[in-house]
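In what follows, a single structure is set out as structure tokens and then discussed.
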Amino acid sequence: MKACYCPSCGTINNPKNKRCMKCDSKLRPYDKDFIKIIYDQVEGDIRGGIVSSILAFLQAHTYGVALSITLIAVIVPNIVLASRQTNVVDKKPEILLKNQCVSKKFEQIYSYVYETEEECQNKGYNAFYEIADHVNENVFTFGCEKIVDECGDTWYGVYYNIYGSVEEQIKKVYY
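The working numbering numbers the first residue of the sequence shown as 155 and each following residue consecutively.
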């Protein structure tokens with residue numbers, strides 16, 4: 155290269171100069187950008203190579219890694235449990251669990267159960283129409299009866315009356 159032009163003022167300079175003889179600006183301001191581009195590209199290739207190498211390793215050894223993790227997850231707890239001392243129970247515990255009651259467990263099966271008789275009468279009216287319209291059209295009245303569950307709590311359950319044509323009697327049914 156015989157001559158070098160200044161990018162700022164256009165003066166002809168010696169190609170060995172780093173700065174312009176006239177305006178003192180850099181003759182090759184783009185060299186840093188070029189070097190940065192090259193450096194970033196090389197760095198990206200190196201990182202991409204490392205990442206692709208790691209991914210290739212994982213793909214090639216996935217089965218072995220999964221099997222190793224599974225074995226560790228199964229064997230370690232068994233070793234820990236086996237190392238614990240066990241106590242042999244040779245007598246009954248002093249405190250026995252009492253039978254626990256089940257709330258709202260009745261002899262009959264009620265679809266509608268309420269805490270008060272008033273609530274049973276009020277909401278039972280709507281339940282009566284639901285049963286009469288969708289379940290059994292032979293239902294002609296309803297009532298509320300006092301019931302006690304296993305825990306001793308008092309409830310009020312809705313029952314329905316139908317006319318039994320075979321027995322020719324009114325039957326009480328529960329839905």
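Just so it is clear, CB atoms sit at the ideal spot from N, CA and C, and this is done for glycine as well. Given the structure is predicted, the values throughout are model-derived calculations rather than measurements.
Simplified DSSP assignment, three categories, for residue i
i: E299; result: strand
i: R201; result: helix
i: G218; result: helix
i: K325; result: strand
i: K180; result: strand
i: I166; result: strand
i: I189; result: helix
i: N171; result: coil
i: Y283; result: helix
i: V256; result: coil
i: G311; result: strand
i: V234; result: helix
i: V345; result: Given that the chain is displayed from residue 155 to residue 329, the structure contains no residue 345 and the question cannot be resolved.
Buried or exposed (CB count within 10 angstroms, at least 16 for buried), residue i
i: L212; result: exposed
i: Y314; result: buried
i: F336; result: The shown model of the chain, from 155 to 329, leaves out residue 336, and the question about it has no answer.
i: Y217; result: exposed
i: G198; result: exposed
i: Y193; result: exposed
Integer Cβ distance of residue i from residue j, believed to fall under 8 Å
i: E299; j: G311; result: 6 Å
i: C163; j: L181; result: Wrong, their Cβ atoms sit about 11 Å apart, outside the cutoff.
i: N167; j: C177; result: Rounded, the Cβ-Cβ distance is 10 Å, inconsistent with contact.
i: Y268; j: K259; result: No, Y268 and K259 are not in contact; Cβ-Cβ is about 16 Å, not under 8 Å.
Top-ranked residue by Cα proximity to residue i, from the options
i: I324; options: N292, T308 and D307; result: N292
i: Y264; options: L221, Y329 and S162; result: Y329
i: V327; options: W309, T308, D307 and G297; result: G297
i: W309; options: E271, V243 and L209; result: E271
Residue i beta carbon near the ligand FMN (any heavy atom closer than 6 Å)
i: I229; result: With respect to the ligand FMN, the structure shown offers nothing to examine, as it has no ligands at all.
Is it true that the segment 300-317 meets the segment 255-264, where meeting means three or more beta-carbon pairs spaced less than 8 Å apart? Yes, since at least three Cβ pairs between the segment 300-317 and the segment 255-264 fall closer than 8 Å, the two stretches touch.
If we count Cβ pairs, one from each stretch, closer than 8 Å, do we get three or more for the segment 276-284 versus the segment 233-241? No, the segment 276-284 does not touch the segment 233-241.
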